[in-house]
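These notes concern the structure reproduced below.
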Ligand code: NAD
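Residue numbers (our numbering): 68 to 428.
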């Protein structure tokens with residue numbers, strides 16, 4: 068018997084170009100977007116790639132701005148906007164992870180310029196209209212279609228040098244987007260299909276990527292999964308897991324992808340009993356006999372990812388503060404979030420304990 072379905076799905080207006088070597092199509096993408104002189108944005112450690120991209124696009128380059136920082140400090144956004152004005156750029160190409168793309172979004176938010184994204188991690192920011200800015204240690208976020216990159220080029224060759232540890236945690240960060248999309252209040256059938264396929268692709272590719280970072284087919288599969296998972300993030304409202312990571316990253320300055328990796332099995336264990344359809348999809352995607360939270364925990368252990376918030380630098384005493392923050396401004400969640408449940412969940416994540424029945428009771 069088929070169930071009556073009820074949902075709203077909004078597609079985001081965006082071009083996606085994927086495949087080995089597609090970076091060479093960047094000049095065409097810039098022309099297709101109607102841009103004449105773009106500023107190339109990247110993190111300091113990716114300056115050589117930024118310069119290579121500027122060389123590739125020739126006269127279309129206004130220059131390279133290699134000053135992207137994690138969580139987009141407002142000062143860094145202001146400096147980048149000044150550089151855009153000084154060079155007369157009419158758009159930006161953001162090359163790198165969520166930090167470079169986040170800087171592009173901060174420019175687009177104020178100046179309304181178009182962005183083209185060339186992602187080199189699996190974080191997924193390129194597929195969302197979510198922006199973030201950090202001021203006085205507090206991160207503000209919002210949604211605005213102006214910050215959605217008009218075009219995204221996924222070239223797996225650019226990810227061959229992403230270190231194994233970063234690849235694993237960045238991939239788990241992507242999987243978290245898909246997990247929460249499966250039980251989001253605004254989940255839809257097409258996004259659930261993308262989420263299941265995204266988790267399947269990444270869970271299969273990450274062990275091969277961790278074993279040999281230069282394995283191009285595995286890199287291409289991981290990037291394909293990251294695209295799907297990022298699309299899920301862009302299309303739905305996030306729940307407890309993202310709220311926890313937002314609080315931990317914003318308040319305690321814990322590293323983004325590593326925090327997602329540690330928290331995900333615990334947040335999922337907390338929600339599993341209240342999200343049977345999501346659990347069924349994740350079981351199909353992850354295979355094996357374990358429940359999905361245990362399967363993701365096992366995957367992270369096999370790939371050598373950090374297991375605890377303690378090893379990421381969190382003090383145990385901060386658990387109460389984070390729980391209070393999450394309870395004060397809760398996100399939608401399939402299971403009611405209680406102080407006891409949160410304290411137990413954070414205690415396990417802090418200590419690096421496996422996600423067991425206690426965090427689901
Ligand atoms: P990141 O962009 O800071 O990259 C991590 C490090 O890896 C950087 O030093 C970078 O230069 C380096 N790097 C990137 N690609 C590389 C490659 N191919 N080879 C070698 N080194 C490489 O980190 P991230 O995890 O990609 O992004 C995190 C940021 O993105 C956070 O600020 C987070 O809040 C934001 N984010 C935003 C959204 C959104 O929708 N707005 C989604 C996900 C993440």
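C-beta: ideal position from N, C-alpha, C; glycine also.
| Query | Result |
| --- | --- |
| Near residue 171, which residues of its chain fall below 6 Å by C-beta distance, leaving aside the five closest residues on each side in sequence? | 108, 159, 161, 182 |
| Consult DSSP for residue 159 and reduce its assignment to one of helix, strand or coil. | strand |
| If you reduce the DSSP assignment to three classes, tell me which class residue 427 lands in. | Summary for residue 427: the model assigns pLDDT 46, below 50, so the residue's position carries little reliability; its value from the coordinates is reported in the next sentence. Residue 427: helix per DSSP, three-state reduction. |
| Would you decide whether residue 77 is buried or exposed? Buried here means 16 or more other CB atoms lie within 10 Å of its CB. | exposed |
| With H, G and I counted as helix, E and B as strand and the rest as coil, what does DSSP make of residue 234? | helix |
| Using 8 Å as the cut-off, classify the Cβ of residue 187 as near or not near the heavy atoms of the ligand NAD, replying yes or no. | yes |
| In whole angstroms, give me the CA-to-CA distance for residue 134 and residue 110. | 5 Å |
| Suppose you measure from the CA of residue 205 to the CA of residue 238; what does that come to, to the nearest Å? | 26 Å |
| State the beta-bridge partners of residue 291 as determined by DSSP. | According to DSSP, which records beta bridges pairwise, residue 291 is partnered with nothing at all. |
| Would you mind reading off the limits of the alpha helix (DSSP H) that contains residue 416? | 406-418 |
| Assuming residue 263 and residue 351 form a contact by the criterion Cβ under 8 Å, report the distance between their Cβ atoms to the nearest whole angstrom. | 6 Å |
| Is residue 387 helix, strand or coil by DSSP? | helix |
| Quick one: using the 10 Å Cβ neighbour count with 16 as the cut-off for buried, is residue 372 buried or exposed? | buried |
| Any heavy atom of the ligand NAD within a distance shorter than 8 Å of the CB on residue 225? | yes |
| Do residue 275 and residue 268 have their CB atoms nearer than 9 Å? | no |
| Of all the options 386, 250, 403, which has the alpha carbon lying nearest to the alpha carbon of residue 416? | 386 |
| Under three-state DSSP, which class holds residue 69? | Only weak support exists for where residue 69 lies, its pLDDT of 49 falling under 50; the value from the coordinates is given anyway. Reduced to three states, the DSSP call for residue 69 is coil. |
| Pick out the complete alpha helix (DSSP H) segments inside the segment 94-150, 4 residues or longer, and give them in chain order. | 114-124 |
| Closer than 6 Å by C-beta to residue 12: which residues in its own chain qualify, once you throw out the five before and the five after it? Chain order, please. | In this structure the chain extends from 68 to 428, so residue 12 is not present and cannot be described. |
| From the DSSP output, in three-state form, read off residue 77 for me. | coil |
| Less than 8 Å between the CB of residue 85 and some heavy atom of the ligand NAD, yes or no? | no |
| Decide if residue 411 is buried, meaning its Cβ has at least 16 other Cβ atoms within 10 Å, or exposed. | buried |
| Might you give, ordered along the chain, the residues of its own chain that have their beta carbon closer than 7 Å to the beta carbon of residue 362, omitting 5 neighbours on each side? | 353, 355 |
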